[in-house]
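Protein chains in written order, with my numbering: chain A, 19 to 196; chain B, 173 to 404. The beta-carbon is built from N, C-alpha and C at its ideal position, and this holds for glycine as well. Worksheet: the structure to be examined is printed underneath.
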Amino acid sequence: AALPGPAPADWVQAPLDPAVRAVLVGFDEHFSYAKLCQALRYLLRGGPDCLLVGTNRDHRLPLEGGAAIPGTGCLVKAVETAAQREAFIVGKPNRFMFDCVASEFDVDPKRTIMVGDRLDTDILMGNNCHLTTLLTLTGVTTLDEVRGHQESDCPARNRLVPDYYVDSIADLLQVLGE
Amino acid sequence: ERRFSRLGFHGVRAEHVFSSALCSALFLRQRLLGGGENGSEAGRVFVLGGEGLRGEVRDAGLRLAGEGEPAPGEPVRAVLVGYDDQFTFAKLAQACGYLRDPQCLLVATDPDPWHPLSDGQRTPGTGSLTAAVETASGRKALVVGKPNTYMFDCIVERFGVDPSRTLMVGDRLETDILFGKNCGLATILTLTGVSRLEEAQAYMASDSAAAKDLVPNYYVDSIADLIPGLDE
């Protein structure tokens, strides 16, 4: 809907949709202060009866050459900070996504391998769902980081350690072809 | 000056007013120009904020980065996050680009998560925008405003104020009252704004030492209650 004026004092006068019961934050390259303002209004109006959900907490999405664009996690943090409440994050490492896949396709965790390049999302979800986990080293994670978590006394860090690793997902394709 | 008169405070002049915007500009001037660099070596500042904040940065002798690519040879040496009701994803991405340089400062005017509006609604504050920039860049912002004592340092430098004879009046426990405590000032909470009396009482009842710093020495329903006392 069009903004009713140039400033937040005007925007907050616009009527709210009475049917809204959740604010869902995903990747939004058109994110703006006005949208943040609107999200805050719904969350304040609804209190605990209005859900605050985020698709994931990615900090950044890497581009070639080392640059990156901000990830959904930034937008989630902006809403959480303004509303002073925590979002429910559906994406990894939450097991919700695996449960969706498993129920749709009759997947057996014991015969499933989770492949990913991030420890705190991909590998953690795989371990939490009792899957076999495989780390690819083509992304953000280094072997030194893994060793650090493996040697740690902290159980939370140990859960970030994959069962296996490969340099690249291409290494798997040969095996899958057999 | 008129606004303060209307509230019952007479003789307040522009030079007596210190905002987080002004102090952020002074802070950046110190950090970017303080070593004697001339204007063109100081680099530019990318400001996420309105005309008021941008004006303060310019008045401090610094140059602003425009929207879009920087000119070659003129690096952006600081990203300043303030209250920006024109904040967009594109500006967030632009800020992150500059912050890839570890020499580029990340500074925020204040940590406020939201501000109250006259009808009881709330508008998001600088704190929420800073959280987005921090998450994307992996950096922690230097927050110039309360509860950081920098603003008090600015005031003392210009006016030689004695903390033991100074009263801090504010409506937000986590910034105003903590600021007063950090600067060694007596503090008064007004109940017309952000924080409620119950919140102050909860901090008072808490076992944590940090919570005690958020308890004001006094409270009043409204700043108007103080005026008669000031006239004496």
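With a threshold of 9 Å between beta carbons, residue 42/A makes no contact with chain B. If you draw a straight line from the Cα of residue 87/A to the Cα of residue 341/B, it is about 41 Å long. Taking a Cβ-Cβ threshold of 8 Å, the residues of chain B close to residue 47/A are 261, 262, in chain order. In the structure shown, residue 134/A falls within a strand segment according to DSSP collapsed to helix, strand and coil. When DSSP states are grouped into helix, strand and coil, residue 352/B belongs to the helix group.
Residue 30/A reaches chain B at 289, 291, 293, 295, counting residues in chain order whose Cβ is nearer than 8 Å.
Against residue 51/A, the close residues of chain B are 256, 257, 258, 259, 260, 296, 301, in the order they occur along the chain (beta-carbon pairs closer than 8 Å).
With distances taken between CA atoms, residue 191/B lies nearest to 224/B out of 402/B, 313/B, 179/B, 224/B. Our two residues, residue 77/A and residue 307/B, have alpha carbons roughly 6 Å apart in a direct line.
A distance below 8 Å between beta-carbons, with the five flanking residues on each side excluded, links residue 294/B to the following residues of its chain, in chain order: 286, 287, 288. Take residue 34/A, set aside five residues on each side of it, and the residues of its chain with a beta-carbon closer than 7 Å to its own are 59, 60, 63, in chain order.
Beyond the five residues adjoining it in sequence on each side, residue 54/A comes within less than 7 Å, by CB distance, of 96, 97, 100 in the same chain, given in chain order.
Counting only residues of its own chain and dropping the five nearest sequence neighbours on each side, residue 154/A has a CB closer than 8 Å to the CB of 133, 134, 135, 183, 184, 185, 186, 187.
For residue 73/A, no Cβ of chain B is located within less than 9 Å of the residue's own Cβ.
Between the alpha carbons of residue 290/B and residue 118/A lies a distance of about 45 Å. For residue 237/B, the nearest beta carbon of chain A is not closer than 9 Å to its own beta carbon.
Residue 296/B and residue 51/A have their alpha carbons spaced roughly 8 Å apart. When the beta-carbon positions are compared, residue 343/B and residue 362/B come within less than 9 Å of each other.
With a cutoff of 9 Å on beta-carbon distance, residue 26/A and residue 257/B are scored as near each other. When the five nearest sequence neighbours on each side are left out, the beta carbons in the same chain lying within less than 8 Å of the beta carbon of residue 395/B are those of 179, 341, 362, 364, in order along the chain.
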